[in-house]
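**Q**
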Amino acid sequence: MKTVMIVDDASTVRMFHKMLVTSPDRIIEEAENGVEALEKAIGTNVDLFLVDVNMPKMDGYRLCKEIRLNEALRAVPIIMISTESANQDAERAYQCGANYYMTKPVDADTLKSVVSAVIGGEANE
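With full-length UniProt numbering, the residue at position 48 of the sequence shown is 48, and numbering never jumps.
1. Kindly confirm or deny that the region 88 to 104 and the region 16 to 33 touch, where touching means at least three C-beta pairs closer than 8 Å.
2. How would you write the range of the alpha helix (DSSP H) that I81 sits in, first residue to last?
3. Just list the alpha helix (DSSP H) runs in the UniProt domain "Response regulatory" (3 to 119), keeping only unbroken ones of 4 residues or longer that don't cross its boundaries, in chain order.
4. Going by Cα to Cα distance, which pick from K18, M19, V53, N70 is closest to E39?
5. Are S82 and D52 touching if we call contact CB-CB under 8 Å?
6. Considering only C-alpha positions, which residue in the set M19, A10, V4 is nearest to A108?
7. Give me the Cβ distance between N45 and P77, rounded to the nearest whole Å; I'm assuming they're in contact under 8 Å.
8. Report yes if the CB atom of A93 is closer than 8 Å to the CB atom of C64, and no otherwise.
9. Skipping 5 residues on each side, what residues in its chain have a beta carbon closer than 8 Å to that of H17?
10. Mind reading off the beta-carbon distance from V4 to L48? Whole number of angstroms is fine, and I expect it under 8 Å.
11. Can you grab the Cα-Cα spacing for the pair Q88 / T22, in whole Å?
Structure representation (C-alpha cells):
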C-alpha cells in the first residue's frame with residue numbers, strides 16, 4: 001500500500017484530488033494546512049505529498065522546506081499544486097524541494113499520470 005497525503009485548505013479540492021488518485025493499493029490521508037500535514041506525516045509512512053501553495057498557518061512553500069529538513073520525510077516526492085501560474089512561482093516551488101509543479105485547475109489525466117509515475121499503480125476510473 002502507498003500513502004498519499006493531500007494538503008489543501010479547500011475541502012472541495014481535497015475531495016477532487018482524492019477522487020483522482022484513489023486506488024485499491026493507495027491510502028489517502030488529508031490535511032487542511034502545512035502544520036496539520038507535518039503532524040500527521042510524522043510517524044506515518046507517506047509515499048507522496050500533493051501540496052497546495054496558498055494555505056493558512058503554514059503555506060505550501062514552508063511545508064515543502066520542512067519536509068526536506070525532516071530526515072524521515074526528506075526523500076518523499078512532493079507535487080505542488082497552485083493557482084499561481086507564473087514561472088517564478090514554479091521556480092520557488094522547485095527551490096523549496098518540490099519534484100513537480102502543477103497549476104489549478106489541474107488536468108485530471110495529467111495528475112493521475114504523474115502520481116502513477118511517481119508511486120506506481122493506477123488510479124480508479
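We treat Cβ as the ideally placed atom computed from N, Cα and C, and that holds for glycine.
**A** Quick answer:
1. By the criterion of at least three beta-carbon pairs nearer than 8 Å, the region 88 to 104 is not in contact with the region 16 to 33.
2. Within the sequence shown, residue 81 is the residue found at index 81, counting from 1. Taken as a continuous stretch (DSSP letters only), I81 belongs to no alpha helix (DSSP H), being part of the beta strand (DSSP E) at 78 to 82.
3. 11 to 21, 34 to 41, 60 to 69, 87 to 96, 108 to 119
4. Residue mapping note: residue 39 aligns to position 39 of the sequence shown, counting from 1. Among K18, M19, V53, N70, the Cα nearest to that of E39 is on N70.
5. Against the sequence shown, residue 82 aligns to sequence position 82. Against the sequence shown, residue 52 aligns to sequence position 52. Against a cut-off of 8 Å, the Cβ pair of D52 and S82 comes out as a contact.
6. For the purposes of this step, residue 108 is taken as the residue at position 108 of the sequence shown. That would be M19, whose Cα lies nearest to the Cα of A108.
7. By 1-based counting over the sequence shown, the position of residue 45 is 45. By 1-based counting over the sequence shown, the position of residue 77 is 77. Actually they are not in contact, since the Cβ atoms of N45 and P77 sit about 14 Å apart, beyond 8 Å.
8. In the sequence shown, the residue the question calls residue 93 occupies position 93. In the sequence shown, the residue the question calls residue 64 occupies position 64. The answer is yes: Cβ separation under 8 Å.
9. Looking up residue 17 in the sequence shown gives position 17. Excluding sequence positions up to five before and after H17, its CB lies within less than 8 Å of the CB of I6, D8, L50, I81, V106, L111, all in the same chain and listed in chain order.
10. If you number the sequence shown from 1, residue 4 lands on position 4. If you number the sequence shown from 1, residue 48 lands on position 48. Sure, about 5 Å apart at Cβ, within 8 Å.
11. Numbered from 1 along the sequence shown, position 88 holds the residue referred to as residue 88. Numbered from 1 along the sequence shown, position 22 holds the residue referred to as residue 22. When rounded, the distance between both Cα atoms is 31 Å.
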